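So for the sequence shown, my numbering puts the first residue at 537; every next one is plus one.
Note that CB positions come from ideal geometry on N, CA and C, so glycine has one too.
Owing to the predicted nature of the structure, the values given are computational and were not obtained by experimental measurement.
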Amino acid sequence: MKAIIATGYGNPEVFQLMEIDKPEPKENEVLVQVYAASATRADSMMRTGKPYIGRLFTGLLKPKHAIPGTGFAGVIVSLGKNVSRFKVGDQVFGETTLGFGTNAEFLSVPENGVILHMPESMSFTEAATICDGHLTSFIFLKEMANVKAGQKVLINGASGSLGSAAIQIARYLGAEVTGVTSTKNLGLVKSLGAHFVIDYSEEDFTKSNAKYDVIYDTIGKSSFHESKGSLSMNGQYISPVLKFPLLMQMMITSIIGNKKAKFAAAGLKKDEELRSLLSELVVVFSEGRLKTIIDRQFPLEKVAQAHSYISEGHKKGNVVIIINSQN
């Protein structure tokens, strides 16, 4: 089968298209023919090995799992002998967390992993990305910050994969939402349901008098120190972008102070927890209360170009790798 292989840590050119053996599903696994896969900012950590603390999970000197990508959608083509939840021909989607491996034509997944049947209302491209922006933001806003109706939530980086999902999820949870984005994406952020929008080229949200119960920095461009004055008395600063200052602030605020800095690696949650949260998201999606923004699509052989585009920092919503053109 064709797959993208990371030949080491570095720039996007470390990704090479190669022909490798197709995996054989184990007794408890299903073999998925991948139709679409995600390409994300988080994948860049696997590619660059930065921040270096991430190498504790991805490999010290080179990627432990050479095939990038975590989100996937496709069709089951064969089963391990002990599989009972799925059958050949099922359309499925899910997430491999720290196992990576989705930027390939075929993928073996444990049937009790993060994998679900794909609802009829969802396309392969939508399904491949839902475990990145949607699921991660759901974990941060619902699980970590415990956002409640009536609270004020600011989302920094509101037009990206995490941000575009976060606007909708915060609205779903009943919050008043402010989105921070670039001039060209103000319309998109408004259309997703943000009550207020801030053009970061015109205004620094940390310099305003507005207070927020939750500041969700999806891109790690601000800091708890800078944002502390914009938090309400018991406010929370949360970010999926781990940096050493955030780690230190998280440790300190866990002991003292009413305002908290928080980080969590969604991929480190147990598969059953992720599957349960994903099932809840599917219901919200099926009700028409959540949609996926697709910016660009790249064929498998152009994964390096996809990563170069993501690195520019201007994507809107999600970037998808199309592996089977029948998608």
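message = Relative to the C-alpha of S657, which candidate in N770, V820, V725 and Q833 has its C-alpha closest?
response = V820
query = Quick one: is the Cβ of S644 within less than 7 Å of any heavy atom of the ligand PLP?
reply = You won't find the ligand PLP in this model; it holds no ligand whatsoever.
ask   = Beta carbon of T606, beta carbon of T638: below 8 Å?
value = yes
ask   = Whose C-alpha, out of I612, E549, V733 and K558, is nearest the C-alpha of R583?
value = E549
request  = Could you work out which residue in P604, L810, G630 and V619 is closest to F636 when comparing CA atoms only?
outcome  = P604
Alpha-carbon spacing of L804 relative to I792, whole angstroms = 26 Å
ask   = Can the beta-carbon of T672 be found closer than 8 Å to that of L698?
value = yes
message = With the cut-off set at 8 Å, would you say A573 and I857 are in Cβ contact?
response = yes
task = Could you pull out every residue in the same chain whose Cβ sits closer than 7 Å to the Cβ of P646, ignoring the five residues on either side in sequence?
result = N564 and E565
task = From the DSSP output, in three-state form, read off G710 for me.
result = coil
query = Where does D735 sit, in a helix, a strand or coil, going by DSSP?
reply = strand
message = Relative to the C-alpha of H670, which candidate in L778, L783, S695 and E555 has its C-alpha closest?
response = S695
task = Could you check which residue in I755, L826 and A746 has the C-alpha nearest to that of M769?
result = A746
task = Can you tell me which of the three DSSP states I846 falls into?
result = helix
inquiry  = Using C-beta distances below 8 Å, list every residue in its chain close to K623, excluding the 5 sequence neighbours before and after it, in chain order.
reply    = I612 and L615
request  = Starting from the C-beta of N860, find all residues in its chain whose C-beta is less than 6 Å away, skip the five residues before and the five after it, and write them out in chain order.
outcome  = Y571
ask   = Which class does N863 belong to by DSSP, given the choice of helix, strand or coil?
value = Model confidence at N863 stands at a pLDDT of 46, short of 50, so the residue's coordinates are unreliable and nothing is read from them.
task = Kindly indicate which residue of E679, N692 and E808 has the alpha-carbon position closest to the one of L709.
result = E679
key: Distance, S737 Cα to V725 Cα   = 15 Å
message = Quick check on T717: does DSSP put it in helix, strand or coil?
response = strand
ask   = alpha helix (DSSP H) containing H761: first to last residue?
value = F760 to S763
ask   = With distances taken between CB atoms, is the gap from H653 to V689 smaller than 8 Å?
value = no
message = According to DSSP, is I792 part of a helix, a strand, or is it coil?
response = coil
message = Using CA atoms only, rank isn't needed, just tell me which of A840, R591 and S659 is closest to F608.
response = S659
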